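All remarks here apply to the structure that follows.
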Amino acid sequence: MRDKVNYKGSNKGDFLKEEKLIRAAIHSIPGIGGVRLRALIEAFGSARSFWYRLKQENRSENEKWLRKIREHQKNCDLKVLEEWFQVNNIQIIIPEEEGYPHLLRHCVDAPPLLYYKGHLQTNVEALAIVGSRRSTPYGRSAAEFLAKDLAQEDIIVVSGLARGIDSAAHRGALKGNGITWAVMGCGLLHMYPPENKSLAEEILDKKGAIWSEFYPTTPPTPQLFPVRNRLISGMSRGVVVVEAALRSGALITVDFALEQGREVFAIPGPIFSEQSKGTHHLLRQGAKLVENYHDIASEIPTWTMRKQQGKNAQEDISDNEKTGKKGFTTAPEGKEEHQKILELLNYVPIHIDQIIQNTGLSPEEIPLYLLELQLAGKI
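The sequence shown stops at residue 476 when you use the working numbering, and every number in between is there.
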């Protein structure tokens with residue numbers, strides 16, 4: 098969808114602003130959901146193109162939903178709609194914009210617009226923690242512990258703000274001084290469950306965000322919660338199930354995660370607990386057993402690389418502070434040639450002839466030693 102939007106003939110910023118409002122205007126019409134809106138955008142290149150083309154045509158519409166949109170246009174003032182969103186402190190973001198959750202953007206059914214409150218984060222890693230609303234003290238403790246552990250590693254914790262495991266996951270992330278995202282199964286003008294209002298406020302105060310794909314006035318209904326679960330998994334690199342009965346809604350999130358190519362993890366529980374039956378079933382089916390951040394990171398290559406890069410950078414800083422040198426540090430053990438080369442290197446480029454002259458190494462040897470240093474993470 099991102100590549101199909103046509104900005105021709107208009108300023109990109111103004112175009113996107115109007116495009117978002119038109120998508121929201123169409124989305125507000127009962128019976129016009131994300132699937133139909135996405136189809137319109139793909140057919141016309143943008144919601145804006147469709148909107149103005151429909152306004153200009155005088156022919157009667159055979160399709161009921163097209164008649165609905167035309168009727169809505171007569172009373173729709175985009176400026177008034179913009180002010181309504183501002184008054185309610187609700188933002189709109191579309192896949193064509195920076196800040197739209199980058200993993201979700203690549204899902205085939207990515208919503209053509211999202212509504213959110215709070216703060217956008219770009220180029221971040223996120224992991225979902227889900228589980229039963231009827232959680233046990235053990236489950237809540239495990240969810241909170243894991244979320245705190247993830248938050249302290251700068252991983253955004255994604256969950257659904259529901260009772261039980263979801264709430265524990267959000268609280269754990271906040272205790273770890275991290276960022277957490279809540280994905281709602283209703284519009285943002287509603288708070289469900291109501292008792293989580295203060296938790297939602299704390300999420301926003303700590304630079305988190307509350308998301309919904311439903312128009313802000315949409316009330317919470319049972320059928321919406323399974324739908325929103327695909328956003329929880331879609332925003333995340335993987336999903337951890339902490340507690341779940343065999344028929345738990347958390348397992349719906351796992352189904353979406355598998356369809357989206359996400360990793361699936363589970364925390365084991367007491368064998369006598371009904372809330373462990375679902376997680377143990379997942380483990381038998383091949384879900385990864387995890388207890389902490391490191392267990393998860395070992396299964397996600399990008400996290401392992403990210404951690405190693407940070408470790409290497411920290412080692413460089415630490416060693417340089419000790420030696421008073423800028424640049425590179427000690428060589429891999431066992432090769433004096435490596436150390437000779439490293440002593441010549443700093444942040445100023447050096448020609449290979451200078452390395453030959455100062456180390457006494459041959460032109461054939463130096464590329465090999467440089468490669469070994471690079472593989473060791475030293476240069």
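By construction, the Cβ of each residue, glycine as well, lies at the ideal position given by its N, Cα and C atoms. Just so you know, these numbers come straight off a predicted model, no measurement behind them.
Let's see if you can read the secondary structure: which residues bound the alpha helix (DSSP H) around I123? Taking the sequence shown and counting its residues from 1, one reaches residue 123 at position 26. I123 -> alpha helix (DSSP H) spans K109 to H124.
Three Cβ pairs or more, each shorter than 8 angstroms: is that satisfied between the stretch 381-394 and the stretch 232-247? yes
Is the stretch 298-318 in contact with the stretch 355-363, if contact means three or more CB pairs nearer than 8 angstroms? no
May I ask you to verify whether the stretch 297-306 touches the stretch 321-338, counting CB pairs closer than 8 angstroms and requiring at least 3? no
T277 - partner residues in DSSP beta bridges: Locating residue 277 in the sequence shown gives position 180, counting from the first residue. T277 pairs with V254.
Per DSSP, which residues does G335 bridge with? Please list them. Mapped onto the sequence shown, residue 335 falls at position 238. Answer is E360.
Is S309 helix, strand or coil by DSSP? To locate residue 309, count along the sequence shown from 1; it is residue 212. Here S309 sits in strand by DSSP.
Skipping 5 residues on each side, what residues in its chain have a beta carbon closer than 6 angstroms to that of Y197? Here residue 197 corresponds to residue number 100 of the sequence shown, with the count starting at 1. The answer, listed in chain order, is I190.
Cβ atoms of G236 and A338: under 7 angstroms apart, would you say? By 1-based counting over the sequence shown, the position of residue 338 is 241. By 1-based counting over the sequence shown, the position of residue 236 is 139. Reading off the sequence shown, one finds Val at residue 338, where the question assumed Ala. No, these two residues do not count as a Cβ contact at 7 angstroms.
Helix, strand or coil for G457, going by three-state DSSP, please let me know. Looking up residue 457 in the sequence shown gives position 360. Residue state, collapsed to three classes: coil.
Which residues in the same chain as K165 place their Cβ atom closer than 6 angstroms to its Cβ, once the five residues preceding and following it in sequence are excluded? On the sequence shown, position 68 is the one that residue 165 refers to. Result list for K165: I126, in chain order.
Which same chain residues, not among the five before or five after T315, have their C-beta less than 6 angstroms away from its C-beta? On the sequence shown, position 218 is the one that residue 315 refers to. The residues are C283 and G284.
What residues in its chain sit with their C-beta under 6 angstroms from that of M281, if we drop five residues either side in the sequence? Mapped onto the sequence shown, residue 281 falls at position 184. Cβ neighbours of M281 beyond the five flanking positions: S309.
Can the beta-carbon of G383 be found less than 7 angstroms from the beta-carbon of A342? The residue labelled residue 383 in the question sits at position 286 within the sequence shown. The residue labelled residue 342 in the question sits at position 245 within the sequence shown. No.
Is the separation between the beta-carbon of G131 and that of P192 shorter than 7 angstroms? Position 34 of the sequence shown, counted from the first residue, corresponds to residue 131. Position 95 of the sequence shown, counted from the first residue, corresponds to residue 192. No, the pair does not count as a contact, with Cβ atoms beyond the cut-off.
Spatial neighbours of L380 within its chain, please: CB distance less than 7 angstroms, with the 5 preceding and 5 following residues excluded, ordered by chain position. Against the sequence shown, residue 380 aligns to sequence position 283. Here the set comprises A363, P365 and L386.
By a C-beta neighbour count over all protein chains shown, 10 Å radius and 16 as the cutoff for buried, is R327 buried or exposed? By 1-based counting over the sequence shown, the position of residue 327 is 230. When all chains shown are included, R327 counts as buried.
Who pairs with L224 in a beta bridge, going by DSSP? The count along the sequence shown starts at 1 and reaches residue 224 at position 127. L224 pairs with V254.
Y197, enclosing beta strand (DSSP E) - first and last residue: If you number the sequence shown from 1, residue 197 lands on position 100. First-last for Y197: undefined, no H or E at that position.
Cβ-Cβ distance between L271 and E292 below 7 angstroms: By 1-based counting over the sequence shown, the position of residue 271 is 174. By 1-based counting over the sequence shown, the position of residue 292 is 195. Not closer than 7 angstroms, so no.
Can you check which of these residues, R230, I119 and A347, is closest to G261 by C-alpha distance? Indexing the sequence shown from 1 puts residue 261 at position 164. The shortest Cα separation from G261 among R230, I119 and A347 belongs to R230.
Nearest chain B C-beta to E154 closer than 7 angstroms, yes or no? In the structure shown, chain B does not exist; there is a single protein chain.
Considering only the alpha carbon of each residue, which of A136, P367, L175 and E139 lies closest to A121? Taking the first residue of the sequence shown as position 1, residue 121 is located at position 24. The shortest Cα separation from A121 among A136, P367, L175 and E139 belongs to L175.
So what's I397 in DSSP terms, helix, strand or just coil? To locate residue 397, count along the sequence shown from 1; it is residue 300. Three-state result, I397: coil.
Excluding the 5 residues preceding and the 5 following A297 in the sequence, name in chain order all residues of the same chain whose CB lies nearer than 8 angstroms to its CB. For the purposes of this step, residue 297 is identified with residue 200 of the sequence shown, where counting begins at 1. Cβ within range, chain order: L258, A279, M288 and I307.
Exposed unless 16 or more other CB atoms sit within 10 angstroms - verdict on S143: Here residue 143 refers to the residue found at position 46 when the sequence shown is read from its first residue. With 16 or more Cβ atoms within 10 Å of its Cβ, S143 is classed as buried.
For the putative contact between W162 and I129, defined by C-beta atoms under 8 angstroms, what is the C-beta separation to the nearest angstrom? The residue you call residue 162 lines up with position 65 of the sequence shown. The residue you call residue 129 lines up with position 32 of the sequence shown. With 8 angstroms as the limit, W162 and I129 qualify as a contact, their Cβ atoms being about 6 angstroms apart.
Residues in its own chain within less than 7 angstroms of E69 by CB, not counting five upstream and five downstream? It is not possible to answer for residue 69, since the shown part of the chain is limited to 98 through 476.
Could you give the distance in angstroms between the alpha-carbon of R325 and the alpha-carbon of P319? Position 228 of the sequence shown holds residue 325. Position 222 of the sequence shown holds residue 319. Their backbone Cα atoms lie some 11 angstroms apart in a straight line.
Looking at A223: is its Cβ nearer than 7 angstroms to the Cβ of V255? Sequence index remark: in the sequence shown, residue 223 carries index 126 (1-based). Sequence index remark: in the sequence shown, residue 255 carries index 158 (1-based). Going by C-beta atoms, A223 is nearer than 7 angstroms to V255.
From E168, G346 and W181, residue whose alpha carbon lies closest to that of L321: Against the sequence shown, residue 321 aligns to sequence position 224. The residue with the shortest Cα to Cα distance from L321 is G346.
Status (buried if at least 16 other CB within 10 Å, exposed otherwise) for V336: On the sequence shown, residue 336 is found 239 positions in, with the first residue counted as 1. Looking at its Cβ environment, which holds 16 or more other Cβ atoms inside 10 Å, V336 is buried.
Nearest to L247 by CA position, among L211, Y212 and A225, is which residue? Within the sequence shown, numbered from 1, the residue matching residue 247 stands at position 150. The shortest Cα separation from L247 among L211, Y212 and A225 belongs to A225.
Does the Cβ of R344 have 16 or more other Cβ atoms within 10 Å, making it buried, or fewer, making it exposed? The residue you call residue 344 lines up with position 247 of the sequence shown. Result: exposed.
Tell me the rounded alpha-carbon separation between L113 and H435. Taking the first residue of the sequence shown as 1, we reach residue 113 at position 16. Taking the first residue of the sequence shown as 1, we reach residue 435 at position 338. Each residue's alpha carbon lies about 54 angstroms from the other.
For my contact list, Y466 and I449 are in at a C-beta cut-off of 8 angstroms; report their separation, rounded to the angstrom. Indexing the sequence shown from 1 puts residue 466 at position 369. Indexing the sequence shown from 1 puts residue 449 at position 352. Not quite, the Cβ-Cβ distance comes to about 11 angstroms (not below 8 angstroms), so this is no contact.
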